[in-house]
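In terms of the UniProt record's numbering, the sequence shown is residues 1 to 144.
Beta carbons are placed, not taken as given, at the ideal position from N, Cα and C, and that holds for glycine.
Model, not experiment: these values are computed from the prediction.
Everything below concerns the one structure shown next.
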Amino acid sequence: DGPQPGKLFIGGVSWETTEDTLRQHFGKYGELTDAALMKDKYTGQPRGFGFVTFADASAIDRVLDETHTLDGRSVEVKRAIPRERTAPGSRLKKIFVGGLAPTVTEQDFRHYFEEYGKITDAVVMIDRDTQRSRGFGFITFEDE
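Take a look at the structure:
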């Protein structure tokens with residue numbers, strides 16, 4: 001599984017969004033070879049993120065130049081980083097948390113997760129245009 005230059009991570013995805021919706025939206029930028037939404041392997045529930053892969057990697061720059069809304073929700077789009085290229089253990093320290101209430105502050109977010117270990121970073125993602133919470137964030141722990 002080498003680097004996939006045409007692959008994008010799509011975060012903060014609504015549970016109502018389908019793979020067809022992903023294909024329709026991102027297919028406007030170029031031919032897609034794959035569109036996948038990640039689901040919990042035990043419950044089958046959506047995990048709030050997915051990936052799209054373009055046949056031609058040059059489509060990525062056009063996608064990254066714009067903001068994207070799927071099913072009424074602003075989503076985060078960034079280059080997918082192949083797992084083997086991340087620092088050993090780093091992905092175990094940083095976790096994605098979706099489904100945050102719009103009223104959750106970074107302080108609330110950090111406080112909630114402090115019981116699980118020392119936190120080095122807590123970020124609630126904010127929409128650039130509206131300055132409102134995008135409903136997800138990341139917690140980074142000092143240790144795994």
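The C-beta of Arg134 has 16 or more other C-beta atoms within 10 Å across all chains shown, which makes the residue buried. Between the alpha carbons of Arg132 and Gln107 lies a distance of about 15 Å. A direct Cα-Cα distance of roughly 15 Å separates Gly48 from Asp20. Among the bridge pairs identified by DSSP, Leu8 is matched with Val52 and Arg79. Going by DSSP, Ala59 is part of the alpha helix (DSSP H) stretching over Ala59 to Leu64. If only complete runs of 3 or more residues are kept, the UniProt domain "RRM" (93-144) shows the beta strand (DSSP E) at 94-98, 119-126 and 133-141, in order along the chain. Annotation: His111 to His25 spans about 37 Å, alpha carbon to alpha carbon. Per the coordinates, the alpha-carbon of Ser58 lies some 37 Å from the alpha-carbon of Asp143. Within the same chain, Cβ atoms closer than 8 Å to the Cβ of Trp15 are found at Gln45, Pro46 and Gly48, the five residues on either side in sequence being excluded. With fewer than 16 other beta carbons inside 10 angstroms of its own, Leu64 counts as exposed.
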